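*Asks:*
Chains as they are written, first to last, in my numbering: chain A, 1 to 813; chain B, 1001 to 1186.
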């Protein structure tokens, strides 16, 4: 029995069960949820992505492609702060207003611009993030704060008019480093009195928007014991990660207008249509029913569009100009005025016994939120909560975090959501521990890591009550074996040249599948006469292929081919509710709503089939576009049932299934990242030969889409390892203004990426599925740092890893 | 803004005239005229989402002044196949699952078309070089590189087909074209 099981027993017998405690041991799986490969028709098939053909023909319509549908549409531009900290004393707009073709200029004082604080974080209600933003701002806190905006007859006129607006400032001292920002003499960026902040531990005098900590066991006692023991070793490490841009292909784009019913209608590139609807309604003080948010084709999000960044400005401009307005962010704005991955500094220390048992893990992180606080507490908390479950057996764990403001761009949500920063620290640290004990890093991890049947309590380290998450599926061992074989662990041939050194490095990874207890997915499915179905879900397909996966889940239940399930895109007037595309939740949470709605529809199918076949319902099976009697072998086609249900002589009723799904479960996917690298011992230059990620995502609903998630996320993770970071001048003005200043890998420099899907069965997931979208974003930085350590003996602990840093470290050896 | 002028060009095989201003790029006039397949990702020539073919060369239309297109031959994604009759390059992207959000794909396909016209049988390194001006954030490029290699084979076999009377070799099938399905009698 693992130590966490003992902990679990203690919790059970303790009698005081908080609301966070969930008894996870029993799981009553729906019959038919677990299928062998032979029994699966649609699930696990490489079904063509529903939008593939319109994408390759250029017919897929993203928000900016919708302008032709709006008469008298105006284009927009935003005037942004040119200083990092200060107050606007004057905005001279008359030259812009008088220009031909300018329809509206808005400033913080304009009647159409709301004057109350809000958060841009597209989160569940009430949002856990502080309300510290205004649509347009007189107090400016970074170079990029929006101050005014223009709507004009075309984009060139809007931009020209924006240049005619003169802003005068009273400038304040600014601070750009989190350590300096926490000093009591540092410039104070926010005033506590102006902000509603539900986060714990805020201290705005020290520029801290949130502080949290949690403990399992007694960490101080473990370190005290280690101080006097010969058999216990203490290892201490520090880690640093930079800003990372989502580099979202389609820039944030919104069209806002009043429709013919005088309602507020937005076509917008968002991951969270329902959150945007609610948050806009609250911000503009209009009824939710008067707001409609339509999600067209979206050119990806990666978390950047889990923030309501430009929608409020667009709506305010549309109200002022009294016509439809389109606002499209520039790439330069994407790099500094939208959202970014938050930089972090993490200290890790641990106690380990001579025989390789982790006795204590202590982790403290300071994140740079930038100028405002969206996702501040939750993303910083995830830096510990996400990776620590890998080592939940460690009896003593402590984690604390501070989310700190600086006068730099705003951090938000980004794929991985804290986990990449956390995995860099934890998996880099674990490697150092194994090295210190002279144990193979894979063996050390295998000895200490989580496994199937275990109770994870580390993911609840910041929860008030006692908490446990039973691990019902874990393919970590097989991920390590298969990944290790694929990369050739310990089998690389050393290059002939003496100065070249080759080695493999690895790191483990995990994530969640949705936010436990804070998700809702819903689905509605109706049958057409011809045996096809229309599926409506709130699932927000932002390019991942979520609509395709949903069609496969419904098809598997209904015995229909996936192409006969027509999936409608998310639209708040039409689709059932959904929290949106974030937290790796769509397949797991919304997928179950779809599965249940399809089961509801199938019950109705069987009622009709029972009459048509004169057989009892409990003998019927749906497969191959038919409903069969298992006893007689007789069948009726879905098309026959479809016509009978709508045009039949006796009972007529449209077959319509519906379901909502919410859950306290969030089963972690698991993975093992491997890197094969050669380092030049003279120059520090390095070449990555291969990146392998073996991942257990349960049953992959669509292996093509799952592999695409893995390779795409590994690309992003490789960028964080080697190419990310934004630079600013001494005044906080951004110097990274476009792709040419930023290290996003191209085909010419992206190393080969090998995804390996390891199937397990997650009994709580739809047909055994867990999440896949985020976990592969987590582990290239530690795996590469570990590989370089093995190759040439130096540890690079601040990202990005560069030849210069390696050379400097080699020179110190 | 500015003085309108008329630009005459051959677009997807047809003579057309566009109104443009001095500051308009080729991408501006294409998108204003309803050719929205080419996407705007940066407006500085760094992402390749706006790639179209001008006089046989794939170029980034966001940094090409419209005025310089007068008299040119321009080909956009709209000139390739339709959803039920895909061009072989498009079919290769679909069959290799070489797309996710799709925003980079029209540019990627036009870049591939330009590559294969200049070099019908590129090796992996040549493919990586040719695509290096076209970013993709979703796929990690793996399936796109597979699709381009596959597209080269498909385009080559289509060329062979034209030469030998339009038949598909027994071992192959196509997606989205109207050639013989596998197994059907000819």
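Cβ atoms here follow ideal geometry from the backbone N, Cα and C, with glycine treated the same way. What you are looking at is a predicted structure, and each value in this text was computed from that prediction instead of being measured.
Examine the ligand SAH and report whether any of its heavy atoms sits within less than 8 Å of the Cβ of residue 256 of chain A.
*Replies:* Ligands are entirely absent from the displayed structure, and the ligand SAH is therefore not among its contents.
*Asks:* Would you mind reading off the limits of the beta strand (DSSP E) that contains residue 1106 of chain B?
*Replies:* Looking at the DSSP string, residue 1106 of chain B is not in any beta strand (DSSP E); the run it does join, the alpha helix (DSSP H), is 1105-1118.
*Asks:* What alpha helix (DSSP H) runs, 4 residues minimum, are completely inside the region 130-172 of chain A?
*Replies:* Listed in chain order, they are 155-163.
*Asks:* Taking residue 104 of chain A as the reference, which of A:657, A:58, A:702, A:315 has the closest Cα?
*Replies:* A:315
*Asks:* What does DSSP give as the partner residues of residue 1053 of chain B in its beta bridges?
*Replies:* B:1058, B:1075
*Asks:* If we call anything under 9 Å between Cβ atoms a contact, is residue 778 of chain A one with residue 698 of chain A?
*Replies:* no
*Asks:* Just mark residue 397 of chain A as buried or exposed, buried being the case when its beta carbon has 16 or more other beta carbons within 10 Å.
*Replies:* buried
*Asks:* Would you verify that the beta carbon of residue 707 of chain A is, or is not, closer than 9 Å to some beta carbon of chain B?
*Replies:* yes
*Asks:* Compare the C-beta of residue 805 of chain A against all C-beta atoms of chain B and say whether one is closer than 9 Å.
*Replies:* no
*Asks:* Please go through the region 624-706 of chain A and give each complete beta strand (DSSP E) segment of 3 or more residues, from N-terminal end onward.
*Replies:* 626-629, 635-637, 656-661, 670-680, 686-696
*Asks:* Output, in sequence order along the chain, the residues in the region 737-755 of chain A whose CB is closer than 7 Å to any CB in chain B.
*Replies:* 738, 739, 740, 744, 746, 747, 748, 750, 753
*Asks:* Could I get the ranges of all uninterrupted alpha helix (DSSP H) runs contained in the region 454-520 of chain A, with 4 residues as the minimum, in chain order?
*Replies:* 476-487
*Asks:* Residue 1013 of chain B versus chain A: which residues are under 9 Å apart at the beta carbon?
*Replies:* In chain order: nothing, as chain A lies at least about 16 Å away.
*Asks:* Are the CB atoms of residue 641 of chain A and residue 527 of chain A nearer to each other than 9 Å?
*Replies:* yes
*Asks:* If you follow the beta strand (DSSP E) that residue 363 of chain A is in, where does it begin and where does it stop?
*Replies:* 358-370
*Asks:* At a CB-CB cut-off below 8 Å, which residues of chain B make contact with residue 62 of chain A?
*Replies:* By Cβ distance, chain B contributes 1039, 1103.
*Asks:* Which residue marks the beginning of the beta strand (DSSP E) containing residue 533 of chain A, and which one marks its end?
*Replies:* 533-537
*Asks:* For residue 276 of chain A versus residue 298 of chain A, is the C-beta spacing smaller than 9 Å?
*Replies:* no
*Asks:* Could you work out which residue in A:160, A:83, A:181 is closest to residue 168 of chain A when comparing CA atoms only?
*Replies:* Ranked by how close their Cα comes to the Cα of residue 168 of chain A, the residues A:160, A:83, A:181 have A:83 in first place.
*Asks:* Let's see if you can read the secondary structure: which residues bound the beta strand (DSSP E) around residue 86 of chain A?
*Replies:* 86-92 is the span of the beta strand (DSSP E), which, as asked, contains residue 86 of chain A.
*Asks:* What is the rounded straight-line gap between the Cα of residue 410 of chain A and the Cα of residue 244 of chain A?
*Replies:* It is roughly 11 Å from the alpha-carbon of residue 410 of chain A to the alpha-carbon of residue 244 of chain A.
*Asks:* Which residues mark the beginning and the end of the alpha helix (DSSP H) in which residue 399 of chain A is found?
*Replies:* Segment 396-405 is the beta strand (DSSP E) holding residue 399 of chain A; no alpha helix (DSSP H) there.
*Asks:* Using a beta-carbon distance cut-off of less than 8 Å, what residues from the region 296-318 of chain A approach chain B?
*Replies:* 297, 298, 299, 300, 302
*Asks:* Please confirm whether residue 596 of chain A and residue 633 of chain A have their CB atoms less than 9 Å apart.
*Replies:* No, these two residues do not count as a Cβ contact at 9 Å.
*Asks:* In this structure, how does DSSP classify residue 755 of chain A when only helix, strand and coil are distinguished?
*Replies:* strand
*Asks:* Does the pairing of the region 560-576 of chain A with the region 678-685 of chain A give three or more beta-carbon distances under 8 Å?
*Replies:* no
*Asks:* Would you kindly work out how many angstroms separate the C-alpha atoms of residue 614 of chain A and residue 563 of chain A, rounded to a whole number?
*Replies:* 30 Å
*Asks:* Ordered along the chain, which non-local residues of its own chain (more than five positions away) have a Cβ less than 7 Å from that of residue 609 of chain A?
*Replies:* 620, 627, 636, 641
*Asks:* Mind checking residue 1022 of chain B: buried by the 16 CB within 10 Å criterion, or exposed?
*Replies:* exposed
*Asks:* Rank A:704, A:788, A:529, A:711 by C-alpha distance to the C-alpha of residue 1140 of chain B and give the top, closest one.
*Replies:* A:711
*Asks:* Do residue 304 of chain A and residue 252 of chain A come within 9 Å of each other at the CB atom, strictly closer than that value?
*Replies:* A contact, by the Cβ cut-off of 9 Å.
*Asks:* If we define contact as Cβ-Cβ less than 9 Å, is residue 715 of chain A a contact residue for chain B?
*Replies:* yes
*Asks:* In its own chain, which residues sit with a C-beta less than 8 Å from the C-beta of residue 723 of chain A, not counting the 5 before and 5 after it?
*Replies:* 742, 743, 744, 745, 800
*Asks:* CA-CA distance, residue 706 of chain A and residue 217 of chain A?
*Replies:* 38 Å
*Asks:* Examine chain B for any beta-carbon lying closer than 9 Å to the beta-carbon of residue 46 of chain A, and answer yes or no.
*Replies:* Closer than 9 Å to some Cβ of chain B, the Cβ of residue 46 of chain A qualifies, so yes.
*Asks:* Within 9 Å of any Cβ in chain A, is that where the Cβ of residue 1056 of chain B sits?
*Replies:* Answer no: the Cβ-Cβ gap between residue 1056 of chain B and chain A never drops below 9 Å.
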